[in-house]
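Protein chains: 4
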Amino acid sequence: MTSFQPRDPDWEPRVRASFARQAFMRLLGIEISHAAPGEIDLSMAYAPDLTQQHGFFHAGATTSIADSAAGYAALSLYPKGTGVLTTEFKINLINPARGERLVARGRVVKPGRTLTVCRSDVYGIEAERETHVATALLSMICLEGLDD
Amino acid sequence: MTSFQPRDPDWEPRVRASFARQAFMRLLGIEISHAAPGEIDLSMAYAPDLTQQHGFFHAGATTSIADSAAGYAALSLYPKGTGVLTTEFKINLINPARGERLVARGRVVKPGRTLTVCRSDVYGIEAERETHVATALLSMICLEGLDD
Amino acid sequence: MTSFQPRDPDWEPRVRASFARQAFMRLLGIEISHAAPGEIDLSMAYAPDLTQQHGFFHAGATTSIADSAAGYAALSLYPKGTGVLTTEFKINLINPARGERLVARGRVVKPGRTLTVCRSDVYGIEAERETHVATALLSMICLEGLDD
Amino acid sequence: MTSFQPRDPDWEPRVRASFARQAFMRLLGIEISHAAPGEIDLSMAYAPDLTQQHGFFHAGATTSIADSAAGYAALSLYPKGTGVLTTEFKINLINPARGERLVARGRVVKPGRTLTVCRSDVYGIEAERETHVATALLSMICLEGLDD
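Chains as they are written, first to last, in UniProt numbering: chain G, 1 to 148; chain L, 1 to 148; chain B, 1 to 148; chain C, 1 to 148.
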């Protein structure tokens with residue numbers, strides 16, 4: 001993993017303030033557990049509301065945490081006065097999404113002026129053990145005048 | 001769009017019962033608005049809890065409804081005694097996800113014994129007007145002994 | 001399918017001239033079989049050189065024709081003095097790619113100033129019969145100063 | 001990267017024999033440059049025939065090498081008497097594909113009885129320098145009775 005130079009020295013409060021305004025993250029109980037330039041980890045505790053018909057985390061919940069981790073990883077490298085939107089992504093759900101919580105690790109693969117390509121990997125955490133639950137590849141767009 | 005022959009005559013109550021067991025769908029306020037073999041439409045009313053930082057539906061919410069519509073479209077064609085899991089998908093978010101509600105139209109593209117390929121299109125509904133918000137391509141796996 | 005208004009009245013000679021400069025299309029024997037604003041069909045005759053180990057068209061050949069049909073569908077709507085690059089795509093290979101030839105139908109789903117989202121469907125043609133071989137979802141970027 | 005245990009002790013000659021039967025790999029001048037269980041690297045020298053309209057490697061060529069590296073990485077872990085087919089993949093083209101040659105590194109992310117998920121990264125090599133050209137996420141299916 002390369003290390004990235006943020007273009008906005010105040011990237012961290014900006015990322016945290018934007019995240020705090022995402023009502024959907026609150027609804028799902030998702031929190032930031034790690035923040036560095038180009039790297040955001042999010043954590044979501046198990047709750048019955050987040051499940052599908054077999055009691056695992058719903059693919060929609062798994063995807064939501066994966067996407068948001070990547071989006072904020074991208075935003076951490078954006079200049080001041082710009083905002084982030086996901087333009088597209090692909091996710092492979094490779095193991096049942098279970099555990100006390102899911103952790104998503106969003107990482108910038110290739111920053112760009114317009115498009116930033118990210119990876120996001122989701123892990124189910126049970127006691128000490130991590131299971132790789134999903135892997136995603138995402139494109140984030142940087143929008144001027146959409147202040148995040 | 002081809003028309004499909006269901007392998008289980010009781011496909012519809014089975015789809016509705018499985019959907020009713022998805023707590024996550026309830027959390028997001030998602031309901032079935034159309035059901036035919038290989039075709040499921042879902043509807044999600046706007047709620048502040050479902051938004052991202054600019055007040056649009058969060059990409060995670062948009063994706064959750066897209067994925068579930070496709071999953072149940074696939075399940076409608078599965079034989080009795082099997083269950084559905086999403087193995088992977090890709091989604092393009094092509095317009096801001098706003099409106100009084102989002103509707104996702106899940107359609108089977110290619111049914112298969114193991115893998116069923118689906119498409120899912122999401123529209124934002126405002127008054128009479130539909131905006132195409134997202135388009136997704138998804139692979140669903142049919143699992144024996146995972147009764148949905 | 002919506003009908004699109006080209007921004008360059010000379011879009012067709014521009015698309016054909018750009019296509020003619022793609023040596024890789026020549027190597028694979030790919031030709032334009034239909035051109036309209038936002039719609040390009042390409043055709044590739046079967047040749048032993050294009051096959052994988054079981055005698056079908058190689059996934060790489062199937063993908064190449066799918067991607068190029070979409071790329072030129074996007075370019076047909078671009079303003080003069082701009083060029084097209086694929087930024088990303090996803091393809092599902094849904095049936096064995098066989099037949100006398102493959103035809104790819106690239107269609108613009110959502111044109112945009114920067115990103116244009118396209119769909120591309122590939123069919124195997126044998127006698128009169130068409131088999132749906134692959135379906136793809138693609139993002140094309142419009143670059144100024146990269147004259148196509 | 002985890003290390004994988006092959007299920008067929010003769011995996012390597014099997015992979016090499018299958019690869020040698022892919023006429024399309026020969027057409028593109030692609031060769032195996034590294035083989036280990038779950039890991040295949042392929043190499044493709046620059047040739048004018050492989051280019052698009054701006055002289056870079058065509059996205060179809062870049063994709064073909066990415067897909068094949070992943071497919072053979074999957075096959076290296078398959079039991080005897082089975083074959084590999086790509087069911088779907090997604091690729092992000094993150095830098096212009098140029099250089100004396102492209103190298104694709106296919107790696108198994110999650111082996112499975114039916115589906116094996118792989119990653120494939122493509123690099124452009126110029127003198128000593130590597131540029132990350134593309135990153136892909138792929139699903140490979142294991143088919144019995146389709147001897148590779």
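We treat Cβ as the ideally placed atom computed from N, Cα and C, and that holds for glycine. Small disclaimer: the values here were computed from a predicted structure and weren't measured.
Worksheet entry | CB contact check: V117/B to chain L, cutoff 7 Å | Position 117 of the third sequence, counted from the first residue, corresponds to residue 117/B. V117/B counts as touching chain L.
Worksheet item: If you check the beta carbons only, do R101/G and D121/G fall under 7 Å apart?
Response: On the first sequence, residue 101/G is found 101 positions in, with the first residue counted as 1. On the first sequence, residue 121/G is found 121 positions in, with the first residue counted as 1. For R101/G and D121/G, no; Cβs fall outside 7 Å.
Worksheet item: Any chance the CB of A97/C is under 6 Å from a heavy atom of the ligand SAM?
Response: Only the bare structure without any ligand can be found here, which leaves the ligand SAM out of the picture.
Worksheet item: Applying a beta-carbon distance threshold of less than 7 Å, which residues of chain G neighbour D148/L?
Response: Position 148 of the second sequence, counting from 1, holds the residue named residue 148/L. By Cβ distance, chain G contributes Q53.
Worksheet item: Can a CB atom of chain A be found closer than 7 Å to the CB of K90/G?
Response: Considering every chain present, this structure includes no chain A. Its protein chains are G, L, B and C.
Discussion item. I'd like to check one pair, C118/B with V108/B: are the Cβ atoms closer than 7 Å?
Written reply: Taking the first residue of the third sequence as 1, we reach residue 108/B at position 108. Taking the first residue of the third sequence as 1, we reach residue 118/B at position 118. Yes, Cβ-Cβ distance for V108/B and C118/B is below 7 Å.
Discussion item. Measuring only the C-alpha atoms, how far is V47/G from A35/L?
Written reply: Against the first sequence, residue 47/G aligns to sequence position 47. Against the second sequence, residue 35/L aligns to sequence position 35. Val is not the amino acid found at residue 47/G; the sequence shown has Ala there. Rounded to whole angstroms, A47/G to A35/L spans 29 Å at the Cα level.
Worksheet entry | Three-pair Cβ contact test at 8 Å for the region 72-90 of chain L versus the region 45-61 of chain L | no
Worksheet entry | From T51/B, M140/B, A17/B and S76/B, residue whose alpha carbon lies closest to that of G99/B | Against the third sequence, residue 99/B aligns to sequence position 99. Cα-wise, what sits closest to G99/B is T51/B.
Discussion item. Comparing C-alpha positions only, which one of L146/B, G145/B and P111/B sits nearest to S3/B?
Written reply: Start at 1 with the first residue of the third sequence, and residue 3/B comes out as number 3. For S3/B, the nearest C-alpha among the options comes from P111/B.
Worksheet item: Hey, would you say D148/G sits closer than 7 Å to K80/G, going by beta carbons?
Response: For this step, residue 148/G is matched to residue 148 along the first sequence. For this step, residue 80/G is matched to residue 80 along the first sequence. Not in contact: D148/G and K80/G (Cβ atoms no closer than 7 Å).
Worksheet item: Based on Cα-Cα distance, which residue from L42/L, P37/L and E128/L lies nearest to R76/L?
Response: Sequence index remark: in the second sequence, residue 76/L carries index 76 (1-based). Looking at the sequence shown, residue 76/L is not Arg but Ser. The shortest C-alpha separation from S76/L is found at P37/L.
Worksheet item: Is I94/B close to chain L, meaning its C-beta is less than 7 Å from at least one C-beta of that chain?
Response: For the purposes of this step, residue 94/B is identified with residue 94 of the third sequence, where counting begins at 1. Closer than 7 Å to some Cβ of chain L, the Cβ of I94/B qualifies, so yes.
Discussion item. Mapping the DSSP letters down to three states, classify L28/L as helix, strand or coil.
Written reply: If you number the second sequence from 1, residue 28/L lands on position 28. If DSSP states are grouped into helix, strand and coil, L28/L belongs with the helices.
Item to complete: Can you tell me which of I141/L, V15/L, A23/L and D10/L puts its alpha carbon nearest to the alpha carbon of S33/L?
Response: Within the second sequence, the letter at position 33 stands for residue 33/L. For the residues I141/L, V15/L, A23/L and D10/L, the minimum Cα distance to S33/L belongs to V15/L.
Worksheet item: What residues of chain L sit near T87/C, judged by a beta carbon separation below 8 Å?
Response: The sequence position of residue 87/C within the fourth sequence is 87, counting from 1. By Cβ distance, chain L contributes L115 and S139.
Worksheet item: For S64/L and chain G, any beta-carbon pair shorter than 7 Å?
Response: Here residue 64/L refers to the residue found at position 64 of the second sequence. True, the Cβ-Cβ gap to chain G drops below 7 Å.
Practice prompt. With distances taken Cα to Cα, identify the nearest neighbour of G55/B among L143/B, P6/B, P96/B and L146/B.
Written response: Indexing the third sequence from 1 puts residue 55/B at position 55. Answer by Cα proximity: P96/B.
Fill in: Nonlocal neighbours in the same chain, by C-beta distance under 7 Å from F19/C, ignoring five residues either side
Here residue 19/C refers to the residue found at position 19 when the fourth sequence is read from its first residue. Cβ neighbours of F19/C beyond the five flanking positions: M25, I32 and Y72.
Discussion item. According to DSSP, is I65/B part of a helix, a strand, or is it coil?
Written reply: In the third sequence, counting from the first residue as 1, residue 65/B sits at position 65. Residue state, collapsed to three classes: helix.
Worksheet item: V109/C touches chain G at which residues, Cβ-Cβ below 9 Å?
Response: Here the question's residue 109/C lines up with position 109 in the fourth sequence. Those within 9 Å of V109/C in chain G are N92, I94, H132 and T135.
Worksheet item: So which residues of chain G does Q22/L contact, with C-beta pairs closer than 8 Å?
Response: For this step, residue 22/L is matched to residue 22 along the second sequence. The contacting residues are T51, Q52, Q53 and H58.
Item to complete: Answer with buried or exposed for A136/B, where buried requires no fewer than 16 other C-beta atoms within 10 angstroms of its C-beta.
Response: The residue labelled residue 136/B in the question sits at position 136 within the third sequence. It is buried - the Cβ of A136/B has at least 16 other Cβ atoms within 10 Å.
Practice prompt. Within the UniProt domain "Thioesterase" (54-123) of chain C, note down every full alpha helix (DSSP H) run reaching 4 residues or more, in order along the chain.
Written response: 59-75
Practice prompt. Output the boundary residues of the beta strand (DSSP E) element that contains S139/C.
Written response: Within the fourth sequence, residue 139/C is the residue found at index 139, counting from 1. S139/C -> beta strand (DSSP E) spans R129 to E144.
Worksheet item: With a Cβ-Cβ cutoff of 7 Å, do G29/L and A45/L count as a contact?
Response: Taking the first residue of the second sequence as position 1, residue 29/L is located at position 29. Taking the first residue of the second sequence as position 1, residue 45/L is located at position 45. The answer is yes: Cβ separation under 7 Å.
Worksheet item: How far does the beta strand (DSSP E) with S3/C in it reach, from first residue to last?
Response: To locate residue 3/C, count along the fourth sequence from 1; it is residue 3. That residue, S3/C, is in no beta strand (DSSP E); it is neither H nor E in DSSP.
Discussion item. So that I know if they touch, is there some Cβ in chain G lying closer than 7 Å to that of P48/L?
Written reply: As a working mapping, residue 48/L is identified with position 48 in the second sequence. Closer than 7 Å: yes.
Worksheet entry | C142/L versus T114/C: straight-line alpha-carbon distance, rounded | Reading the second sequence from its first residue, position 142 is the one you call residue 142/L. Reading the fourth sequence from its first residue, position 114 is the one you call residue 114/C. For C142/L and T114/C, the distance between alpha carbons rounds to 12 Å.
Discussion item. For a test of the three-state rule: what should DSSP assign to A20/G, helix, strand or coil?
Written reply: Reading the first sequence from its first residue, position 20 is the one you call residue 20/G. Reduced to three states, the DSSP call for A20/G is helix.
Item to complete: Counting only the same chain and skipping the five closest in sequence on each side, list residues whose C-beta sits under 7 Å from that of A66/C.
Response: Sequence index remark: in the fourth sequence, residue 66/C carries index 66 (1-based). Result list for A66/C: I91, A104, S120, V122, A134 and A136, in chain order.
Worksheet item: Helix, strand or coil: how does DSSP classify D49/C here?
Response: As a first step, residue 49/C is located in the fourth sequence; it is residue number 49 there, counting from the start. The answer is helix: DSSP assigns D49/C an H, G or I state.
Practice prompt. Select from G145/G, I125/G and S139/G the residue whose C-alpha is nearest the C-alpha of residue 152/G.
Written response: Chain G is shown only over 1 to 148; residue 152/G falls outside these bounds and no answer can be derived.
Worksheet entry | Counted within 10 angstroms of its Cβ, other Cβ atoms place L5/B as buried (16 or more) or exposed | Locating residue 5/B in the third sequence gives position 5, counting from the first residue. Before going further, note that residue 5/B is Gln rather than Leu in the sequence given. Exposed, by the Cβ-count rule.
Item to complete: Identify the contact partners of D67/G in chain L, using a Cβ-Cβ distance below 8 Å as the criterion.
Response: Numbered from its first residue, the first sequence carries residue 67/G at position 67. Within 8 Å Cβ-Cβ: A59, G60 and T63.
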